[in-house]
Amino acid sequence: SRCMEGVCHVLNFYGNCQGSRTAELATREDAHVLILVVRRLDAMPWAVPVQVFNGILGRIEQEVILPPFTAYSFEDSTELSSDQSADTRAWCLTTIRQRWSIDVHAQAPLLAAMLE
Numbered sequence: 003s004r005c006m007e008g009v010c011h012v013l014n015f016y017g018n019c020q021g022s023r024t025a026e027l028a029t030r031e032d033a034h035v036l037i038l039v040v041r042r043l044d045a046m047p048w049a050v051p052v053q054v055f056n057g058i059l060g061r062i063e064q065e066v067i068l069p070p071f072t073a074y075s076f077e078d079s080t081e082l083s084s085d086q087s088a089d090t091r092a093w094c095l096t097t098i099r100q101r102w103s104i105d106v107h108a109q110a111p112l113l114a115a116m117l118e
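Heads up: the sequence shown is residues 3 to 118, going by my numbering.
Here you go:
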């Protein structure tokens, strides 16, 4: 999804599927969620949004399709976790803002709140 509200909606849906492995995992006390934030480079125009207007105000299930030949690279100093100290998180958020020109608190307030 392209918004945290959509991510939460989908996780909630699958977490409530009675008897499913996903629901079993969602109810564990030590459950965690891994969220990968991808930025699309102009040199890689293959990321195609689907379900643009699905859900409440078009904010649910804003999925993006990527071709099978897509390659990912992870950037140092951009990993965020609720287990990090506030100082470490602030440093990573500053790195993301400088490197990607993204203010997580302004553009993804729900994600920022979930990290605290």
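Ideal Cβ placement from N, Cα and C applies to all residues, glycine included.
- Taking a cut-off of 8 Å for Cβ pairs, the region 80–95 and the region 104–117 touch, as three or more such pairs fall below it.
- Secondary structure note for A110: it is in no alpha helix (DSSP H), with a DSSP letter that is neither H nor E.
- According to the DSSP assignment, D89 belongs to the alpha helix (DSSP H) that extends over 88–102.
- Counting every other CB atom within 10 Å of its CB across the protein chains shown gives L68 a total below 16, marking it as exposed.
- Here the alpha carbon of F15 sits roughly 29 Å from the alpha carbon of D105.
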